[in-house]
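Chemist: Taken in order, these protein sequences are the chains called A and B. All you need for the working numbering is the position in the first sequence, starting with 1, plus 41. All you need for the working numbering is the position in the second sequence, starting with 1, plus 41. The beta carbon of each residue, even a glycine, is placed where N, CA and C say it ideally should be. For clarity, every value in this text was computed on a predicted model and none was experimentally measured.
There are 2 protein chains.
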Amino acid sequence: MTDTSDITIRLARTEDFDVLWPTLRDVIRAGDTYAIDPQLSQDRIRALWMEEPRATYVAEQDGELLGTYYLKTNAQGGGAHVCNCGYITSAAARGRGVARAMCRHSQHEARGLGYLAMQFNCVVETNTRAIALWEDEGFATVGVLPDAFLHPEAGYVPARVMFKWLGQGG
Amino acid sequence: MTDTSDITIRLARTEDFDVLWPTLRDVIRAGDTYAIDPQLSQDRIRALWMEEPRATYVAEQDGELLGTYYLKTNAQGGGAHVCNCGYITSAAARGRGVARAMCRHSQHEARGLGYLAMQFNCVVETNTRAIALWEDEGFATVGVLPDAFLHPEAGYVPARVMFKWLGQGG
Numbered sequence: 042m043t044d045t046s047d048i049t050i051r052l053a054r055t056e057d058f059d060v061l062w063p064t065l066r067d068v069i070r071a072g073d074t075y076a077i078d079p080q081l082s083q084d085r086i087r088a089l090w091m092e093e094p095r096a097t098y099v100a101e102q103d104g105e106l107l108g109t110y111y112l113k114t115n116a117q118g119g120g121a122h123v124c125n126c127g128y129i130t131s132a133a134a135r136g137r138g139v140a141r142a143m144c145r146h147s148q149h150e151a152r153g154l155g156y157l158a159m160q161f162n163c164v165v166e167t168n169t170r171a172i173a174l175w176e177d178e179g180f181a182t183v184g185v186l187p188d189a190f191l192h193p194e195a196g197y198v199p200a201r202v203m204f205k206w207l208g209q210g211g
Numbered sequence: 042m043t044d045t046s047d048i049t050i051r052l053a054r055t056e057d058f059d060v061l062w063p064t065l066r067d068v069i070r071a072g073d074t075y076a077i078d079p080q081l082s083q084d085r086i087r088a089l090w091m092e093e094p095r096a097t098y099v100a101e102q103d104g105e106l107l108g109t110y111y112l113k114t115n116a117q118g119g120g121a122h123v124c125n126c127g128y129i130t131s132a133a134a135r136g137r138g139v140a141r142a143m144c145r146h147s148q149h150e151a152r153g154l155g156y157l158a159m160q161f162n163c164v165v166e167t168n169t170r171a172i173a174l175w176e177d178e179g180f181a182t183v184g185v186l187p188d189a190f191l192h193p194e195a196g197y198v199p200a201r202v203m204f205k206w207l208g209q210g211g
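1) Quick test of your reading: L191 (chain A) and G208 (chain B), contact by CB under 8 Å. State the CB separation rounded to the nearest angstrom.
2) Should Q102 (chain B) be flagged as near chain A, meaning a C-beta pair shorter than 9 Å?
3) Taking the C-alpha atoms as reference points, what is the distance between N125 (chain B) and V198 (chain B)?
4) Whose C-beta lies closer than 6 Å to the C-beta of L107 (chain B) among residues of the same chain, with five residues either side of it excluded?
5) When we look at the beta-carbon of G196 (chain B) and count the other beta-carbons within 10 Å, is it buried (16 or more) or exposed?
6) What residues from chain B crowd round A116 (chain A), counting only those whose CB sits closer than 9 Å?
7) Can you confirm whether I69 (chain B), when its beta carbon is compared against all beta carbons of chain A, has any partner nearer than 9 Å?
8) For chain A, check one thing: does any of its Cβ atoms lie closer than 9 Å to the Cβ of L65 (chain B)?
9) So, F204 (chain B) versus Q160 (chain B), is the Cβ gap smaller than 9 Å?
10) Could you check where the alpha helix (DSSP H) with F58 (chain A) kicks off and where it finishes?
11) Determine, using beta carbons only, whether L157 (chain A) comes closer than 9 Å to chain B.
12) Buried or exposed: E150 (chain B), going by 16 or more other Cβ atoms within 10 Å of its Cβ?
13) Taking the beta strand (DSSP E) that W90 (chain A) falls in, what are its first and last residues?
14) Could you please give the first and the last residue of the uninterrupted beta strand (DSSP E) stretch that includes I129 (chain B)?
15) Quick one: what's I50 (chain A) bridged to in DSSP?
16) Strictly below 8 Å CB to CB, what residues from chain B border W206 (chain A)?
17) Find the nearest neighbour of T49 (chain A) within the set A:Y111, A:E92, A:D103 and A:P94, judged by alpha-carbon distance.
18) For the candidate residues B:R54, B:V164 and B:W62, whose alpha-carbon lies nearest to that of E176 (chain B)?
19) In three-state terms, what does DSSP make of G211 (chain B)?
20) So with Cβ pairs under 9 Å, would you call A121 (chain A) a contact of chain B?
21) For the alpha helix (DSSP H) that T169 (chain B) lies in, which residues bound it at each end?
22) With distances taken between CB atoms, is the gap from L174 (chain B) to V202 (chain A) smaller than 9 Å?
23) Taking only three categories from DSSP, how would you classify G196 (chain A)?
24) Compute the Euclidean distance between the alpha carbons of R54 (chain A) and Y110 (chain A), then round it to the nearest angstrom.
25) Helix, strand or coil, according to DSSP, for G184 (chain A) in the structure here?
26) On the CB-based measure, 16 or more other CB atoms within 10 Å of its CB, does D73 (chain A) come out buried or exposed?
27) Taking 9 Å as the CB-CB cut-off, is P193 (chain B) touching chain A?
28) Going by Cα to Cα distance, which pick from B:A116, B:A158 and B:F180 is closest to I162 (chain A)?
29) Using only the alpha-carbon positions, how far apart do M42 (chain A) and W62 (chain B) sit?
30) Pick helix, strand or coil for A116 (chain B), following the three-state DSSP scheme.
31) State the Cα-Cα distance for the pair Q83 (chain B) and E92 (chain A), rounded to the nearest angstrom.
32) Does the beta carbon of V139 (chain A) come closer than 9 Å to any beta carbon on chain B?
33) By the three-class DSSP mapping on this structure, what secondary structure does Q80 (chain A) have?
34) Return the first residue and the last residue of the alpha helix (DSSP H) that A142 (chain B) is part of.
35) At the level of alpha carbons, what is the spacing between I77 (chain A) and F180 (chain B)?
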């Protein structure tokens, strides 16, 4: 069992980006999990992760940053009650429950911000650990988009749309 | 039967916006079909429809603008081979096959631009005419997002994710 009780999750500060950067860079450059252009510059990734979302958080343990996630509105107008999040755990911290801790935190934060549901638009089928975790956290696979993601090694692979109604409380 | 043979579809010009504006305004303000903030200013709607997409088109017949659509990349990175379109027909031109003509045109244009698939992210369940048309054009309902759209009269209603593989040729 992993003890995640001493993981603290807090809003990201501007200066956190420099610490997060190697992790963000490696995950985005790999191009196998996020529908983000792997060639984006550091400044564009900073804007995408730290500035454009409604809020960005970091997971911290003993002063070390283990991961980060963003929370944003998934669609506008009639879809504005649904939010979207993206989570990245540093390579050194994988398998320690950081992603689960961030996912739970994000659901709580989303409810607090007034969102009623959370949607993941493009969960790459090869990202089996993420899929298992989101399912365990109560997200349903609403649909599978055939060949919707070009994986750098596996070629065209399906991507899932996953969704959870957050309902009341928290 | 509707004769759509004399509908011409061409790239929108800057000055078309003023003609399209009443139609765009009415559809977006109604808030019952597009996940776009109904309160957006005219300038924001101009940017959203005319400037931010990869391309914007108008459907024209005898010099009259009957409708418009945009075409853009739906996701980045590994998802960049999937495009997204939005179509709006002027109230006076509904039932004349304009949406179908625009949808067919968009598939051809998308292929020409190198896209391999087209995805609609939020087809509101009450928009039955659109659903029937996209199905008839070969789009599959990949998933139904429960209560994902707040309809101004019907309340929370489902929204569909629809997808079509464009494959080769045109």
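Modeler: The structure says:
1) In fact, because the Cβ distance is near 15 Å, the residues do not count as touching under 8 Å.
2) no
3) 22 Å
4) A100, S131, A134 and V139
5) exposed
6) A76, I77, N162, C163, A189, F190 and A200
7) yes
8) no
9) yes
10) D57 to A71
11) yes
12) buried
13) It is not in any beta strand (DSSP E) - W90 (chain A) carries neither H nor E in the DSSP assignment.
14) V123 to T130
15) A:A100
16) P187 and D188
17) A:D103
18) B:V164
19) For G211 (chain B), the predicted model reports a pLDDT of 37, less than 50, meaning its position is unreliable and no value from the coordinates is stated.
20) yes
21) T169 to D177
22) no
23) strand
24) 13 Å
25) strand
26) buried
27) yes
28) Position check: residue 162 (chain A) holds Asn in this sequence, whereas Ile was assumed. Checked all of B:A116, B:A158 and B:F180; the closest Cα to N162 (chain A) is B:A116.
29) At M42 (chain A) the pLDDT is 46, less than 50, meaning the model places this residue with poor confidence; the figure from the coordinates comes in the next sentence. If I take the Cα positions, the gap works out to 59 Å.
30) coil
31) 25 Å
32) no
33) coil
34) V139 to G153
35) 25 Å
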